[in-house]
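Note sheet for the following structure.
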Amino acid sequence: MTDAPVSSSSSSSTNNSQRNVSIVMSILIFTLIVDNLLYAFLFGGAQAKVLTSSFGISLFIIVVAVSYASALYLLSRFVSPIHRQIKTHSSRFNWIYKTLLISQYASAGIIAFMILQLILTSHYYVGLLIATIAISFTLAAIILGLLSYRFLSWYKSSNKNITVLLYGITFAVTAIGIGVIVAVNGSVILLENPSQIGGLQSVLKVYSSSSSDTTQSPKALILYQITYTPSRLGFVLYWIATALLLREYSRKLGRLKFWTLISLPLVSFLAASIFVSPDYQHSLLYDALLVLSALTAGGVLFGITFLIMARSMRRITTTSSTNTATHHNTLAYYLTISAFGTVLITVSLTSPVIYAPFPPFAAAAWSFLGLSSYLYSLGFYFSAISIAQDAKLRQSIRDIAAKESKLLGSIGTAHMEQEIQKKVLKLAKEQEKTLEEQTGVELHEWQQQQVEQENIQDYMAEVFAEVEKSRKKLEK
């Protein structure tokens, strides 16, 4: 995921780099899913003796080591190149990136100290766990809040696009939900637990209430239902906005296939929301595993949807232009970032922050919420910018072609296309400046080249075909 290469050898190197990033990202996601699964077993009171023994502590250390080694690679090979490519009129994105690095390393240091405590004393301070959660969740809330402000400002200065408005509301609701979780649930954990957690006896006290069914001990589940409501609403709004964002490209994938793919995450999410309730006669382990599987599946399905869309974009542009292999497809690039961010943010939020486990499984997953929010937010923000630019360009060509279509019969088609292309190129540059002013983001040089060299000719071919089709209908 680096800047666009020029030669075939550098193109091959970039493909290898992208493949490595995908592999490491998959390792990170899988490790965090395992982290959440172990948390679910502890929360449900299953395998308590095994998971709280030295074997369980070793598992926790392995999970942390693998996840943070993967994160370190991704920060240097994936996140850093993204940051270098983003040129803005505002310093907000630079500030977010620097804050992300500081918070991620701070969380790593805190968790490393917790591991040292576990090895030496078989205890850890609950305050350290809450500090890790607070750092990551607060950063995530700030990132999403700033992106909400960006989208809402863009909405006010643009043509009142409903998709832009929905994303602004989605980010705002999700930011509020994350803030509620860290403030309320973090306080409850601090107040209801001793300062240190460790040793089988203290752990069994926690499990004694968790092992009963939810009708006898519904407190944790009720807390989960209340504090996670804003995040649920954010997920639904996110689904609606994403469906609207990508619907214009559904014909490239196939409408039936597109709507099937885009609907699966919502179905999975609703399954977790409907069947997890204090009124049901089943164990907390059942609830924990259901939430884990349904939400994880929803996030992964969302990610797969974006990756399939991105792959279809690359395949189409690769067959239509040789330059695309060099510059990549802009929208496909940002959809890939969105896919990674979506899966990561779902996995980071899957384990409910409603109790302090021993060992502190899910701490690693919670600590990556800031990083996942960074990828999630920027991927969608720049996807929206790319799609907005694409939509305006298409509309400009349609308007010009409609005005000039009467001349197609009297003037040579090739000459007409050249004249329209000149007008569209001029309008495209004007629209780029307008879009930069509205969003605060400068378009990449290679993105501008892609617009000029590739997309306009493709768009013109589509529009001319439509105009010719309309003319034939009128002649009949």
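Residue numbers for the sequence shown follow the numbering used here, so the first one is 124 and each next one is one higher.
Every residue, glycine too, gets a C-beta built ideally from N, C-alpha and C.
Write down the C-beta distance between ASN159 and ALA485 rounded to the nearest angstrom, noting that I regard them as a contact closer than 8 Å.
6 Å
Only counting the same chain, and skipping five residues up and downstream in sequence, which positions put a Cβ closer than 6 Å to that of ASN316?
VAL249 and ALA479
Please report the straight-line C-alpha distance between VAL296 and PRO353, rounded to a whole angstrom.
6 Å
Between ARG378 and ASN308, what straight-line distance do the alpha-carbon atoms span, to the nearest angstrom?
42 Å
Does the beta-carbon distance from LEU314 to GLY493 come in below 8 Å?
no
Just how far apart, CA to CA, sit THR154 and LEU252?
19 Å
Compute the minimum distance between the beta carbon of ARG434 and the heavy atoms of the ligand GDP, and state whether it is under 7 Å.
Among the components modelled here there is no ligand, and therefore nothing to report on the ligand GDP.
Per DSSP, GLN319 forms a beta bridge with which residues?
TYR248
Secondary structure at PHE484, three-state DSSP: helix, strand or coil?
coil
CA nearest to the CA of PRO204, picked from TYR457, PHE491, VAL466 and SER474
The candidate whose alpha carbon is nearest that of PRO204 is TYR457.
Between the CA atoms of SER177 and ILE266 - distance to the nearest angstrom:
Rounded to whole angstroms, ILE266 to SER177 spans 38 Å at the Cα level.
Exposed unless 16 or more other CB atoms sit within 10 angstroms - verdict on VAL144
buried
State the Cα-Cα distance for the pair PHE463 and LEU197, rounded to the nearest angstrom.
11 Å
Alpha carbon of GLN170 to alpha carbon of TYR278, nearest angstrom
51 Å
Take ILE233 and list the residues in its own chain whose beta-carbon comes closer than 7 Å to its own, dropping the five residues that flank it on each side.
LEU251, ALA254 and THR255
Can you tell me the Cβ-Cβ gap for GLY421 and SER391, rounded? I've got them flagged as a contact below 8 Å.
4 Å
Identity of the residue in GLY168, ALA364 and ILE225 nearest PHE503 by Cα
ALA364
Rounded C-alpha distance that separates PRO475 from VAL359
18 Å
Please state the DSSP three-state secondary structure of GLN141.
helix
C-beta atoms of THR383 and LEU418 nearer than 8 Å:
no
Taking the alpha helix (DSSP H) that VAL173 belongs to, which residues open and close that run?
171 to 174
Would you mind reading off the limits of the alpha helix (DSSP H) that contains ALA188?
177 to 197
Can you tell which of GLY179, PHE429, SER140 and ALA257 has the C-alpha that lies nearest to the C-alpha of VAL303?
Comparing alpha-carbon positions, the option among GLY179, PHE429, SER140 and ALA257 lying closest to VAL303 turns out to be ALA257.
Which of the three DSSP states is assigned to PRO388 in this structure?
helix
Extent of the continuous alpha helix (DSSP H) to which ILE477 belongs:
ILE477 -> no alpha helix (DSSP H), and no H or E assigned at all.
Output yes or no for whether 8 Å exceeds the beta carbon distance between TRP362 and LEU389.
Yes.
With a CB to CB cut of under 6 Å and the five nearest residues on each side skipped, what residues in its chain are close to ILE299?
For ILE299, where only same-chain residues beyond five positions count, the Cβ hits under 6 Å are PRO353.
For VAL466 and GLY426, I'd like the C-alpha separation in whole angstroms.
6 Å
According to DSSP, simplified to helix, strand and coil, what is ASN284?
Here ASN284 sits in coil by DSSP.
Output the boundary residues of the alpha helix (DSSP H) element that contains PHE358.
352 to 369
Three-state secondary structure (DSSP) at PHE429?
helix
Taking buried to mean at least 16 other C-beta atoms within 10 Å of its own C-beta, is ILE225 buried or exposed?
exposed
How long is the line joining the alpha carbons of LYS221 and SER496, rounded to whole angstroms?
The alpha-carbon atoms of LYS221 and SER496 are separated by roughly 14 Å.
Going by other Cβ atoms of all chains shown within 10 Å of its Cβ, with 16 needed for buried, is ASN139 buried or exposed?
Residue environment for ASN139: exposed (fewer than 16 other C-beta atoms within 10 angstroms of its C-beta).
Residues in the same chain with beta-carbon distance under 8 Å from LEU367, minus the five sequence neighbours each way, listed in chain order, please.
ILE285, THR286 and LEU289
For LEU498, which residues in the same chain have their Cβ closer than 6 Å to its Cβ, ignoring the five residues on either side in sequence?
Around LEU498: ILE460, PHE463 and GLY464.
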